[in-house]
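Peer 1: When the letters of the sequence shown are read in order and numbered with this note's numbering, they come out as residues 1 to 68.
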Amino acid sequence: MPRASGEYFAYRGEEIVACGTVDEISKELGIDTKICRWYATSAAKRREAETYRKTGKGRMLILERVED
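(1) When we look at the beta-carbon of Asp48 and count the other beta-carbons within 10 Å, is it buried (16 or more) or exposed?
(2) Mind checking who Tyr8 pairs with in its DSSP beta bridge?
(3) How should Ala43 be labelled, buried or exposed, when 16 other C-beta atoms within 10 angstroms of its C-beta is the threshold for buried?
(4) Looking only at its chain, what residues have a beta carbon closer than 6 Å to the beta carbon of Glu7, apart from the 5 residues adjacent to it on each side?
(5) Out of Glu14, Phe9, Leu63, Tyr11, state which residue places its alpha-carbon closest to the alpha-carbon of Tyr39.
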């Protein structure tokens, strides 16, 4: 898995829960850095979209890269 770099916003549902680098977000939220990097992948976003489609709720953490 490629290393995620740059600044990100972390969302849970529609709420922003953290922002910063992957390392900063993982430390702030108390989760492993590897898992935090996975949340920035397209696979994580597909799973969250499928969950939202089925339940109407966004539950998983998603990282979106901040564009300059």
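Yeah, the Cβ is synthetic: ideal placement off N, Cα and C, and Gly gets one too.
Peer 2: Considering the structure as presented:
(1) Numbered from 1 along the sequence shown, position 48 holds the residue referred to as residue 48. A small fix is needed here, since residue 48 is Glu in this sequence, not Asp. By the 10 Å Cβ count, Glu48 comes out buried.
(2) Reading the sequence shown from its first residue, position 8 is the one you call residue 8. Tyr8 pairs with Gly20, Arg65.
(3) What you label residue 43 is simply residue 43 of the sequence shown in a count that begins at 1. Exposed is the call here.
(4) Locating residue 7 in the sequence shown gives position 7, counting from the first residue. Spatial neighbours of Glu7 in its own chain (CB-CB distance under 6 Å, excluding positions within 5 residues in sequence) are listed in chain order as Val66.
(5) As a position in the sequence shown, residue 39 is number 39, starting the count at 1. Out of Glu14, Phe9, Leu63, Tyr11, the CA that lies nearest to the CA of Tyr39 is found in Leu63.
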